[in-house]
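Chains as they are written, first to last, in this note's numbering: chain A, 1 to 269; chain B, 1001 to 1304.
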């Protein structure tokens, strides 16, 4: 089915929104059930796109960006597969083919995400320079540029699909070797460690290292959820702080008398 | 400065809250949400600091590493607003203290935000919306969009306000011991949660087979002598439950060996290596690109 120029612009606009949301993860315009529906709405093929969105949403239930890990790209998958579905003109019959296209697209989107997030590192260095000058306006500007870049990450492929049609895109994807995508996914699993290493370098002291070890060992027990681990952590912190105060005052010379109310009470005994 | 106290109005705080919607906008592999964090705080910093030097210092301290779940950043922003407000009014709050509170809170809070939003609210709403949409009902996406954003915005505003009030309370404590306790407690909690996160979320898997041991007869299920049909299946399941192996040989991969020491050991070693490289002033970007190359390379060599 051919789209007119106005519809094409709207589709690219939806793609831009989805691309922004792919990183922001706030309004959820990039979630399949929303993105596909919007594309259906602007192209006049609401029902098939709605069904496609629902099916992809089911697939994507567990996809989430956690820490520095990048989930398969719901934004590109839903936008591109919806466009392909609309262009094919098959209506509801084409939904299954579109789903099959969506999965490799989600993986290809992962690659684009990794590139965009690496480019953003350069942008942050421009922000550093703006901070040096004390310029709020420039920091804001660079942040907005970064968001626009994320929007283009999906808008450009969407425009490409509109321009050249679905088949070249599909055959291009088919050429992407499995060893590369799998290997990148493995690399993505390891990259998370860099972020954690930075935080540890920042807050670690001799005093708190044992708690790191404890957290690591306890996390190996699969029955403990993150909430449970968090509870253990809070309890440890509270107990440690309370006990270290008791120890300090019984030594006498310790930090009592600094206006510490708990220490003062203990001193009276 | 002391004669007139600068304070943040509700309007300022609302503006910060709205901006924190874009906290992930310049997400990058080096300092993650730092750009968005600074972007969110700008309305407050603009009000609190007037000279170029103060503004530059404020921007720099808020462009430090930061990363958490995007919604639970709100309570941390609230606390930070209270701290910055007191600092601008002359309270002795230094960069280390602000950074300590930020970093101490972000780990544990991410540990709450991820399971609550990504693994509970989103799948529930998503499944509901998907099932409606698959039957062609337009209510699916509408319901998802409205409910998700109501929950999200409500959560962000109220937790930010909560953090703001709690932050004010911390600094009201004249002696400063409460602040010290909070900072230390936060870093203990932070380290504990970091330990857990590394075990759970850094994935390093080696595939090479270390040994293939032929099992003695009787240690595995003898598929030739087992009965047919449901009876056979039942007897096979019973045999497996009693500890018999499915195949006639036991395959041990390198990963199995490492995991029997402590699961996640490779992830821990990788993190320690990254810490060491960072301390040697290797750029995080180089490490990240290197890890991708290593991932692809080892996968091609069938090691991972």
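C-beta: ideal position from N, C-alpha, C; glycine also.
Item to check | Under the three-state DSSP convention, the category residue 253 of chain A falls into | outcome: Residue 253 of chain A sits at position 253 when you count from the first residue of the first chain. Low per-residue confidence applies at residue 253 of chain A: pLDDT is 40, beneath 50, and the placement is therefore not dependable, though the value from the model is reported in the following sentence. Three-state DSSP puts residue 253 of chain A in coil, outside helix and strand.
Item to check | Cut-off 7 Å between Cβ atoms - residues of its own chain near residue 1012 of chain B, not counting five sequence neighbours on either side | outcome: Against the second chain, residue 1012 of chain B aligns to sequence position 12. Sequence-distant Cβ neighbours of residue 1012 of chain B in its own chain, meaning closer than 7 Å and more than five residues away, are 1043, 1044 and 1047.
Item to check | Own chain residues within Cβ distance below 6 Å of residue 352 of chain A, not counting five before or after | outcome: Beyond the ends of chain A as shown, which are 1 and 269, falls residue 352 of chain A; an answer cannot be given.
Next on the checklist: So for residue 20 of chain A, helix, strand or coil by DSSP?
Outcome noted: Indexing the first chain from 1 puts residue 20 of chain A at position 20. Here residue 20 of chain A sits in helix by DSSP.
Item to check | residue 1243 of chain B, buried or exposed, once every other Cβ within 10 Å from all chains shown has been counted against 16 | outcome: On the second chain, residue 1243 of chain B is found 243 positions in, with the first residue counted as 1. Classification of residue 1243 of chain B: exposed, given that the 10 Å Cβ count is below 16.
Next on the checklist: For a quick check, are the C-beta atoms of residue 72 of chain A and residue 110 of chain A less than 8 Å apart?
Outcome noted: Along the first chain, one-based indexing puts residue 72 of chain A at 72. Along the first chain, one-based indexing puts residue 110 of chain A at 110. Result yes, Cβ atoms of residue 72 of chain A and residue 110 of chain A sit closer than 8 Å.
Checklist entry - residue 1138 of chain B to residue 50 of chain A, Cα distance in whole Å? => result For the purposes of this step, residue 1138 of chain B is taken as residue 138 along the second chain, with counting starting at 1. For the purposes of this step, residue 50 of chain A is taken as residue 50 along the first chain, with counting starting at 1. Each residue's Cα considered, the two are about 7 Å apart.
Checklist entry - Considering residue 1271 of chain B, what are the terminal residues of the alpha helix (DSSP H) in which it resides? => result Residue numbering aside, residue 1271 of chain B sits at position 271 when the second chain is read from its first letter. Segment 1265-1279, the alpha helix (DSSP H) holding residue 1271 of chain B.
Checklist entry - Does residue 25 of chain A come within less than 8 Å of chain B when only Cβ atoms are used? => result Indexing the first chain from 1 puts residue 25 of chain A at position 25. At a cut-off of 8 Å between C-beta atoms, residue 25 of chain A counts as an interface residue with respect to chain B.
Item to check | Status (buried if at least 16 other CB within 10 Å, exposed otherwise) for residue 249 of chain A | outcome: Residue numbering aside, residue 249 of chain A sits at position 249 when the first chain is read from its first letter. Unreliable placement is indicated for residue 249 of chain A, whose pLDDT of 49 sits below 50; the coordinate value is still reported in the next sentence. Within a 10 Å sphere around the beta-carbon of residue 249 of chain A sit 16 or more other beta-carbons, which makes this residue buried.
Next on the checklist: Which of the three DSSP states is assigned to residue 1252 of chain B in this structure?
Outcome noted: Sequence index remark: in the second chain, residue 1252 of chain B carries index 252 (1-based). Strand, per DSSP.
Checklist entry - Hey, is the region 1266-1277 of chain B in contact with the region 1191-1208 of chain B, meaning 3+ C-beta pairs nearer than 8 Å? => result Pairwise C-beta distances place the region 1266-1277 of chain B in contact with the region 1191-1208 of chain B, as three or more of them are shorter than 8 Å.
Item to check | Nearest neighbour of residue 9 of chain A, chosen from A:147, A:153 and A:159 [CA to CA] | outcome: Along the first chain, one-based indexing puts residue 9 of chain A at 9. Closest option to residue 9 of chain A, judged by alpha-carbon separation, among A:147, A:153 and A:159: A:159.
Checklist entry - Quick one: what does DSSP say residue 1120 of chain B is sitting in, helix, strand or coil? => result Sequence index remark: in the second chain, residue 1120 of chain B carries index 120 (1-based). In the three-state reduction of the DSSP assignment, residue 1120 of chain B falls in the helix class, which pools H, G and I.
Checklist entry - Hey, quick one: how far does the alpha helix (DSSP H) through residue 1212 of chain B stretch, first residue to last? => result Locating residue 1212 of chain B in the second chain gives position 212, counting from the first residue. Counting along the chain, residue 1212 of chain B falls outside any alpha helix (DSSP H), though it belongs to the beta strand (DSSP E) covering 1209-1214.
Checklist entry - Taking any Cβ of chain A, which residues in the region 1139-1152 of chain B have a Cβ under 9 Å from it, in chain order? => result Listed by position, the residues of the region 1139-1152 of chain B near chain A (Cβ gap below 9 Å) are 1140, 1141, 1142, 1144, 1145, 1148, 1149 and 1152.
Checklist entry - Leaving out five residues before and five after residue 1031 of chain B in sequence, what residues of the same chain have Cβ atoms less than 6 Å from its Cβ? => result The residue you call residue 1031 of chain B lines up with position 31 of the second chain. The residues are 1065.
Next on the checklist: Against chain A, with Cβ distances strictly below 8 Å, would residue 1059 of chain B count as a contact?
Outcome noted: Reading the second chain from its first residue, position 59 is the one you call residue 1059 of chain B. Output row for residue 1059 of chain B: interface = yes.
Checklist entry - Using 8 Å as the limit for Cβ to Cβ distance, is residue 1280 of chain B near chain A? => result Indexing the second chain from 1 puts residue 1280 of chain B at position 280. Residue 1280 of chain B does not count as touching chain A.
Checklist entry - What does residue 1066 of chain B pair with, by DSSP beta-bridge criteria? => result The residue you call residue 1066 of chain B lines up with position 66 of the second chain. For residue 1066 of chain B, DSSP records a beta bridge to B:1032.
Checklist entry - What do you reckon, are the CB atoms on residue 1129 of chain B and residue 1143 of chain B nearer than 8 Å? => result Along the second chain, one-based indexing puts residue 1129 of chain B at 129. Along the second chain, one-based indexing puts residue 1143 of chain B at 143. Yes; because the gap between Cβ atoms is below 8 Å, this pair is in contact.
Item to check | Neighbourhood of residue 95 of chain A by C-beta distance below 8 Å, restricted to the same chain and skipping five residues each side | outcome: Along the first chain, read from residue 1 onward, the residue named residue 95 of chain A stands at position 95. Taken in chain order, the residues that qualify are 48, 51, 52, 55 and 85.
Item to check | DSSP three-state assignment for residue 1015 of chain B, whether helix, strand or coil | outcome: The residue labelled residue 1015 of chain B in the question sits at position 15 within the second chain. Helix, per DSSP.
Next on the checklist: If the criterion is Cβ atoms closer than 8 Å, does the pair residue 1080 of chain B and residue 1102 of chain B meet it?
Outcome noted: In the second chain, residue 1080 of chain B corresponds to position 80, counting from 1. In the second chain, residue 1102 of chain B corresponds to position 102, counting from 1. A contact, by the Cβ cut-off of 8 Å.
Item to check | Simplified DSSP state of residue 55 of chain A, which is helix, strand or coil | outcome: As a position in the first chain, residue 55 of chain A is number 55, starting the count at 1. Here DSSP, grouped into helix, strand and coil, assigns residue 55 of chain A to helix.
Item to check | Best match in B:1261, B:1182 and B:1086 for proximity to residue 217 of chain A [C-alpha to C-alpha] | outcome: The count along the first chain starts at 1 and reaches residue 217 of chain A at position 217. Ranking B:1261, B:1182 and B:1086 by Cα distance to residue 217 of chain A puts B:1261 first.
Next on the checklist: For residue 1155 of chain B, tell me which candidate among B:1049, B:1070 and B:1051 has the shortest Cα-Cα distance.
Outcome noted: Here residue 1155 of chain B refers to the residue found at position 155 when the second chain is read from its first residue. Check the Cα spacing between residue 1155 of chain B and each of B:1049, B:1070 and B:1051: the tightest is with B:1070.
Next on the checklist: Going by the DSSP bridge assignment, what does residue 1074 of chain B pair with across the sheet?
Outcome noted: As a working mapping, residue 1074 of chain B is identified with position 74 in the second chain. Note: residue 1074 of chain B sits in no beta bridge, so no partner.
Checklist entry - Along the chain, where does the alpha helix (DSSP H) that runs through residue 270 of chain A open and close? => result What the structure shows of chain A is the stretch from 1 to 269, and residue 270 of chain A is not part of that stretch, so it cannot be assessed.
Item to check | Beta-carbon neighbours of residue 97 of chain A, restricted to chain B and to distances below 9 Å | outcome: Within the first chain, numbered from 1, the residue matching residue 97 of chain A stands at position 97. Around residue 97 of chain A, no beta-carbon contact reaches into chain B at under 9 Å, the shortest distance being about 16 Å.
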